[in-house]
Every structure is written in structure tokens, then in C-alpha cells.
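Going down the list, the sequences are from chains A and B.
Counted the way this note's numbering counts, the first sequence spans residues 123 to 446.
Counted the way this note's numbering counts, the second sequence spans residues 465 to 720.
C-beta: ideal position from N, C-alpha, C; glycine also.
Just so you know, these numbers come straight off a predicted model, no measurement behind them.
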Amino acid sequence: MSHALAFIETSASGEVRNTAAMLIAAASQLGTPVAVVVAAPGNGEALTAQLGALGAAQVYVAETDQAGGLLVAPQVAALEAASAALHPSAIVLAHSIDGREIAGRLAVRLHTGLLVDVVEVRADGDVVIATHSVFGGAFTVEAIVPGSGPAIVTVRQGAIETRIDAATPTLTTEPVTVDPTSAAAIDAFHDAAVATDRPELRGATRVVSGGRGLGSQANFALVEQLADALGAAVGASRAAVDAGYVPQTSQVGQTGITVSPQLYVALGISGAIQHRAGMQTAKTIVAINKDAEAPIFDIADFGIVGDVFTVVPQLIEALGKRAD
Amino acid sequence: MKIIVLVKQVPDTWGERTLNTVTGQLDRAASDAVIDEIDERALEVALQYKDANDAEVIALSMGPSSVTEVLRKSLAMGADSALHVKDDALSGSDLSRTAAVLAAAITKSGFDLVIAGNEATDGRGGVIPAMIAEHLGVPSMTYLDSAEFAADRISGVRGDEHGTVAVHAMLPAVISVTEASAEPRFPNFKGIMKAKKKPLDVWTLADLGLDGSGFAPSTEVTSTTERPARTAGTKIVDTGNAGNELAEFLAAGRLI
């Protein structure tokens, strides 16, 4: 079986990002999973143990002092070197901000095809078949990379839930150096403090979103209260973001995040196509809106025509009673 | 400073958007085509610099004849000139071909800085700017929430999933900007009138020294299927007990 590389992102201080398990599992569906990681010299052993626990059969550490100083260039060089050494059939990255930039550059450098924002991968022999969810899940598109080069695939964060068993990986360490004048430089990192213990919106299994119907930033707290009662992530419609109730990072929809949770609760959201495209693949959709004609009811499994400010508190109380 | 802004014509996100399930391509007739709103922000970033400094701003787009409309809008907003790469051989281009062709046009035009939107609202890929930068052999900084210009460099703040990163790159460079970057101006009447007289050049693949037959597809769509439309389920009008009924529904579905 050929190799499949999983690119592992790390924080500025070298900690493995939480997309690693998904990427190693995805790579294992395409070949022998090799975790490729860029690290400061001497950190390879610790990373090998961590990535082995996630199922990597081999860990390829590209050692460099440039990792925190240059934007994506050392990562691209590491994957270029690992690809030349291991001739993989696929290189899998997260469809993250960094992952996209690394994958884009790598595809051009290796003269090979790039499949982005993929939600599922499988192999047919050495051919990688990637599934895309297009226009908010309205269309499912399968695509391949014909030809001999490795398929470069970015996987939507949270899309692949399969995990694989731990392995005892072999460790390969190679130095990597890039010309600093050809790359953008990193001046400082500011990792945001995690202010809440709510689940992250991307990949959340339950999401409660609020729209313009909440009426104000203060009233938006109702969305958060229900989210906490359900153990859900908090989302918002574009109208609520534009009105300033919540930051843009919470926006669900065509120009925001696409979610595909088990349960999606829409509060005071009319359900413009703009919003529906970001959540219509949810397994169960619940909507509460005053307007009986709101289009959100066309796709809701359970719709309530009513005032969120009376229905939601009653729901939270009922949930509390059930939990007791 | 010579700034090229990439603009893309996309189906309006406020309307229904469809793929042709036979060809796998966008059904352009099924929805209104508009300039991607993120590209208006990219153009605004360039125009704000031009407002206060000596700069030439060129809007570049690739696509069929209808793309003229988005380029005219870019000119009306304040771009100095526009470039339209148009060739029938480009129909159905994938990411790799799109990046290669745009990079060839940028090279032919000459540039100090390329500004793009972080990701188009239709494809949502967000990889084209980095691919173009690799073709051009210059630094890239994608997903900038803000960008500051100096004569020889661009610095900015890049938001990612974990926080922010302060970055800078020497020119020439490629950047992409997010929704947080700038509020686009509206073209005024004077701008719209002036736009009619501004140069809008059309380049074919031959003009770029590229041969349409020379592109092997680097990716291939093997199937396109439409998801069955969702149907409405239970809909009740709250008469005082809807919250409790919803709790019942969630419990019955094992969702709590």
C-alpha cells in the first residue's frame, strides 16, 4: 500500500492542533498514514508519541528554527521533501487558514491536482476519490486527481468523524531550511484565550443560532442560555452579525461557517437562502419564529410559530427538569 | 505602486444557486451574476491606499463575456483600468488552471501587489491567492483582517482558527483580505460615467502566451448529484405550551 501524508498543524509553542486525529484517520483511508510535522529541533520524540496515539504509522519531522518565524514556507518545504522521499498517493491537510495556503502552494510546486474543502475521502486502488459538499450541501460532487502526482486534499474541519487505533510509529527526522526573503514573516502570535467552554461551532454536534428576531445584543443572551442548556455551540445568521449582536466568527451561512450538526435550533431566524445554505444538512432542524410565513419552517423538522422570549425560557426550564 | 485586484463574478448568495448535474459546472443562467462582495472589499483596500498615495489599481477577472459587468463596476468604484481574460478554452477551469492563467495575466501586466478576497462565496476554496503567489514566486499573506501599506512592504493581521498572527512581507507580494478588512464604497454617478471611458482590455490565452490544449486536467469531477430538498415536518402555533412540546420532541428523538 502506498503512503498517504497527513500534515499536522502545531501552535506557536509546538502543541499539536486538534485537527490531527481527523487527518491521520483520513490519510489511513488512502494509504499508510504518515504524519508530517514541522518542529523545532529536539521535539520529534514527544511528537512521535502523541501522533502515534492518534494512529500514525510513521512520523516525519521536518526540523527547523524557522517554524514560528515564516508564514507557511517551512511547512510547504517540509511536505515537498516528504513527498519526494515517500512518493505518497495523497497529501491530506486541514481546510484551515494555514492548511489552505500550504496546500495551494504545494499543488503548484508539485504540479499536481488540489481538491479542497472535502467532507469525505476514499480510495479506489491508488486513485483518491474526494467528496465535496457544494452550495451548503445542496449538491454533492465527487472528484479525483488523474495522473501520477499525489492528490492534495484539504478536509473540512470536523467533517470526518472516524478515528483509528493507536500505533507505534517509526520516526524520520530531516532538516528543512527555506530562503527567508521568499516568504512572509511572522512578527507575533496572539492565540485567543478560550473564553468559554462551549463547543466550537465548526464540527459541533449541536448548534443553537439566533437571528435578527432576537432584537438586540443583550437579548442574544437567550441564544447562549439555550446553547448552554443543550451543550451546544452558538451560531448566528448574517442579519444578527450585521446588526452587531455577535461577531462575524459566529456566522452560519454562505459567507460564514457551514455546519452539519445532529441538532440545529434556529431562534428568530427567517431562513433566507443565505442562511439555509450553511445549515440545511443538519440532521434535525428546529425553528422558532413569530412569522408563520418564515421560510425556515419549510425545512424545519419541528417548527414553532411563537415568541422566542416565552418559548425558549419554557424549553430551558423543561430541559432542566428532565436533567434532574 | 501597481496594484492588481482580483475580482470574480459569482452567483448572488441571496438567490438559489445550481450546478448542472451533467457537466458538473455552475448553471450561470439559473441565478443573478454579481461581483463577489469580498472582492469589493479587496478593491476598497486598494482604493483607500490610492486615495492618499500614488498608485495604479487594475481590476483583473477571468470568465465569460458577462464578466464585463463586474469589471465595469470595479472601474466605477475607482479602479484605473480593467483586464478581462476571456477564452472559450477556459470554460470549466479547475483551481490549478485558474491560478496558472491568472498568474500569467499578472506577469504580463506587471505588479507590485496583488489583492484578492480571502475566498469566493461560490467555491469557498480560499486557495487561489496562495497558488498565484507560488506561480509568481513571491510571498503570500492570506486572510488578512487588516493591511498596512509601506513603500516596500505590506504588514497585516491574519485571523486564524486560534487567534491572530501579525505578519509582514516585502513587495512584490500577494495578499487576500477578509470581510473585516474594509467597507466597500458605492460607485457614485461621476464614477459610473468615468468608468465608461476607462480602458478595459480583453486578453485571450494566446495573448498570454498560453496554449489552451496544453492544460491537462489536474482534477476531474466524476459525479454531481443534487441533494433531495428538505421537507417541512411538524409546525405548531404556540398557545402557551410549545416549549414543553419541543422538549418532548427532542427527548423522543434522543436529542437531549
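Expressed to the nearest angstrom, what Euclidean distance is found between the alpha-carbon atoms of I213 of chain A and V183 of chain A?
Here residue 213 of chain A refers to the residue found at position 91 of the first sequence. Here residue 183 of chain A refers to the residue found at position 61 of the first sequence. Answer to the nearest angstrom: the Cα atoms are 15 angstroms apart.
Counting only Cβ pairs nearer than 8 angstroms, list the residues of chain B close to R320 of chain A.
Here residue 320 of chain A refers to the residue found at position 198 when the first sequence is read from its first residue. Within chain B, no residue comes near R320 of chain A; the closest Cβ sits about 15 angstroms away, beyond 8 angstroms.
Based on the DSSP output, what are the partners of T276 of chain A in its beta bridges?
Looking up residue 276 of chain A in the first sequence gives position 154. T276 of chain A is bridged by DSSP to A:L215.
Continuous beta strand (DSSP E) stretch holding V158 of chain A: start and end:
In the first sequence, the residue the question calls residue 158 of chain A occupies position 36. Where V158 of chain A is concerned, the enclosing beta strand (DSSP E) stretches over T154 to A161.
Reference F261 of chain A; option with closest CA among B:S687, B:G542 and B:A696
Stepping through the first sequence from its first residue, residue 261 of chain A is reached at position 139. Nearest C-alpha to F261 of chain A: B:S687.
Exposure of E508 of chain B, with buried meaning 16 or more beta-carbon neighbours within 10 Å
Translated into the one-based positions of the second sequence, residue 508 of chain B becomes position 44. With 16 or more neighbouring CB atoms inside 10 Å of its own CB, E508 of chain B falls in the buried class.
Measure the C-alpha to C-alpha separation of I410 of chain A and P636 of chain B and round it to an integer number of angstroms.
Reading the first sequence from its first residue, position 288 is the one you call residue 410 of chain A. Reading the second sequence from its first residue, position 172 is the one you call residue 636 of chain B. Their Cα atoms are separated by approximately 51 angstroms.
Got a sec, what are the start and stop residues for the beta strand (DSSP E) N411 of chain A sits in?
To locate residue 411 of chain A, count along the first sequence from 1; it is residue 289. Unbroken beta strand (DSSP E) run through N411 of chain A: T406 to N411.
Tell me which same chain residues have a C-beta within less than 7 angstroms of the C-beta of T141 of chain A, skipping the five on either side of it?
The sequence position of residue 141 of chain A within the first sequence is 19, counting from 1. In the same chain as T141 of chain A, and ignoring 5 residues on each side of it, the C-beta atoms closer than 7 angstroms to its own belong to E131, A216, S218 and Q279, in chain order.
Identify the continuous beta strand (DSSP E) that holds I596 of chain B and give its terminal residues.
On the second sequence, residue 596 of chain B is found 132 positions in, with the first residue counted as 1. First-last for I596 of chain B: I592 to L600, but that is the alpha helix (DSSP H), not the beta strand (DSSP E).
Name, going along the chain, the residues of the segment 257-269 of chain A whose beta-carbon falls closer than 8 angstroms to a beta-carbon of chain B.
Residues F257, G259, A260, F261, T262, V263, E264, A265, I266, V267, P268 and G269.
DSSP state of D364 of chain A mapped onto helix, strand, coil
What you label residue 364 of chain A is simply residue 242 of the first sequence in a count that begins at 1. Residue state, collapsed to three classes: helix.
How about R505 of chain B and A659 of chain B: do their beta carbons lie closer than 9 angstroms?
For the purposes of this step, residue 505 of chain B is taken as residue 41 along the second sequence, with counting starting at 1. For the purposes of this step, residue 659 of chain B is taken as residue 195 along the second sequence, with counting starting at 1. Going by C-beta atoms, R505 of chain B is not nearer than 9 angstroms to A659 of chain B.
Of all the beta strand (DSSP E) runs that stay within the bounds of the segment 294-346 of chain A, which reach a length of 3 or more residues?
Given a length threshold of 3 residues, each whole run of the beta strand (DSSP E) inside the segment 294-346 of chain A is given here in chain order: 307-313 and 328-332.
Distance, Cα to Cα, K537 of chain B vs G574 of chain B?
Within the second sequence, residue 537 of chain B is the residue found at index 73, counting from 1. Within the second sequence, residue 574 of chain B is the residue found at index 110, counting from 1. Those two C-alpha atoms are separated by around 22 angstroms.
M634 of chain B in three-state terms, based on DSSP:
Here residue 634 of chain B is taken as the residue at index 170 of the second sequence, counted from 1. Annotated three-state conformation of M634 of chain B is strand, per DSSP.
Using CA atoms only, rank isn't needed, just tell me which of A:S270, A:V250, A:G271 and A:P272 is closest to E264 of chain A.
Translated into positions along the first sequence, residue 264 of chain A becomes position 142. Here the closest residue by C-alpha is A:V250.
For the segment 684-705 of chain B, enumerate the residues whose C-beta is nearer than 7 angstroms to any C-beta of chain A, in chain order.
Per Cβ criterion, the list reads E684, V685, T686, S687, T688, T689, E690, R691, R694, A696, G697, T698, K699, I700, V701 and D702.
Nearest to P272 of chain A by CA position, among A:P297, A:L228, A:P302 and A:A307, is which residue?
For the purposes of this step, residue 272 of chain A is identified with residue 150 of the first sequence, where counting begins at 1. Answer by Cα proximity: A:L228.
Can you tell me where the beta strand (DSSP E) with G166 of chain A in it begins and where it stops?
Mapped onto the first sequence, residue 166 of chain A falls at position 44. First-last for G166 of chain A: G166 to A175, but that is the alpha helix (DSSP H), not the beta strand (DSSP E).
For R617 of chain B and H632 of chain B, which I take to be in contact (beta-carbon distance under 8 angstroms), what is that distance rounded to the nearest angstrom?
What you label residue 617 of chain B is simply residue 153 of the second sequence in a count that begins at 1. What you label residue 632 of chain B is simply residue 168 of the second sequence in a count that begins at 1. Sure, about 6 angstroms apart at Cβ, within 8 angstroms.
Below 7 angstroms CB to CB, which residues in the same chain sit around S682 of chain B once its five sequence neighbours on both sides are set aside?
On the second sequence, position 218 is the one that residue 682 of chain B refers to. Taking S682 of chain B as the centre and dropping the five residues before and after it, the same chain places the C-beta of D558 and S560 closer than 7 angstroms to its C-beta, in chain order.
Roughly how many angstroms separate the alpha carbons of A568 of chain B and L293 of chain A, rounded to a whole number?
In the second sequence, the residue the question calls residue 568 of chain B occupies position 104. In the first sequence, the residue the question calls residue 293 of chain A occupies position 171. Straight-line Cα distance between these residues: approximately 41 angstroms.
Measuring only between beta-carbons, confirm whether D248 of chain A sits less than 9 angstroms from chain B.
As a working mapping, residue 248 of chain A is identified with position 126 in the first sequence. Between D248 of chain A and chain B, the shortest Cβ-Cβ separation is not below 9 angstroms.
Starting from the Cα of L608 of chain B, find the closest Cα among B:V638, B:L524 and B:G601 and give me that residue.
Translated into positions along the second sequence, residue 608 of chain B becomes position 144. Ranked by Cα distance from L608 of chain B, the first of B:V638, B:L524 and B:G601 is B:V638.
On the DSSP bridge assignment, give the partners of E690 of chain B in chain order.
Indexing the second sequence from 1 puts residue 690 of chain B at position 226. By DSSP's assignment, E690 of chain B forms a beta bridge with A:F261.
Any chance the segment 379-396 of chain A sits against the segment 353-362 of chain A, with 3 or more Cβ pairs inside 8 angstroms?
Touching, yes.
By the criterion of Cβ-Cβ separation under 7 angstroms, what are the contact partners of A569 of chain B in chain A?
The count along the second sequence starts at 1 and reaches residue 569 of chain B at position 105. Within chain A, no residue comes near A569 of chain B; the closest Cβ sits about 16 angstroms away, beyond 7 angstroms.
Assess, as a yes-or-no matter, whether the segment 391-398 of chain A is touched by the segment 469-487 of chain B under the definition of 3 or more beta carbon pairs within less than 8 angstroms.
Output reads yes: the segment 391-398 of chain A touches the segment 469-487 of chain B.
Looking at Q473 of chain B: is its Cβ nearer than 9 angstroms to the Cβ of A494 of chain B?
Counting from one through the second sequence, the residue named residue 473 of chain B turns up at place 9. Counting from one through the second sequence, the residue named residue 494 of chain B turns up at place 30. Not in contact: Q473 of chain B and A494 of chain B (Cβ atoms no closer than 9 angstroms).
Could you give the distance in angstroms between the alpha-carbon of A611 of chain B and the alpha-carbon of I468 of chain B?
Reading the second sequence from its first residue, position 147 is the one you call residue 611 of chain B. Reading the second sequence from its first residue, position 4 is the one you call residue 468 of chain B. Going by the C-alpha atoms only, they are around 15 angstroms apart.
Could you pull out every residue in the same chain whose Cβ sits closer than 7 angstroms to the Cβ of A553 of chain B, ignoring the five residues on either side in sequence?
Within the second sequence, the letter at position 89 stands for residue 553 of chain B. Once the five neighbours on either side are set aside, the close Cβ partners of A553 of chain B are L669 and G676.
The segment 214-231 of chain A: which residues have C-beta closer than 7 angstroms to a C-beta of chain B, in chain order?
Here the close residues are S218, I219, D220, R222, E223, A225, G226, R227, A229, V230 and R231.
Take the Cβ of G556 of chain B as the centre, count every other Cβ of all protein chains shown within 10 Å, and call the residue buried at 16 or more, exposed below.
The residue labelled residue 556 of chain B in the question sits at position 92 within the second sequence. So G556 of chain B ends up on the exposed side.
For T606 of chain B, tell me which candidate among A:A281, A:E202 and A:A195 has the shortest Cα-Cα distance.
Residue 606 of chain B sits at position 142 when you count from the first residue of the second sequence. T606 of chain B has its Cα closest to that of A:A195, out of A:A281, A:E202 and A:A195.
E612 of chain B - containing beta strand (DSSP E), residue span:
As a first step, residue 612 of chain B must be located in the second sequence, where it is residue number 148. S604 to F613 is the span of the beta strand (DSSP E), which, as asked, contains E612 of chain B.
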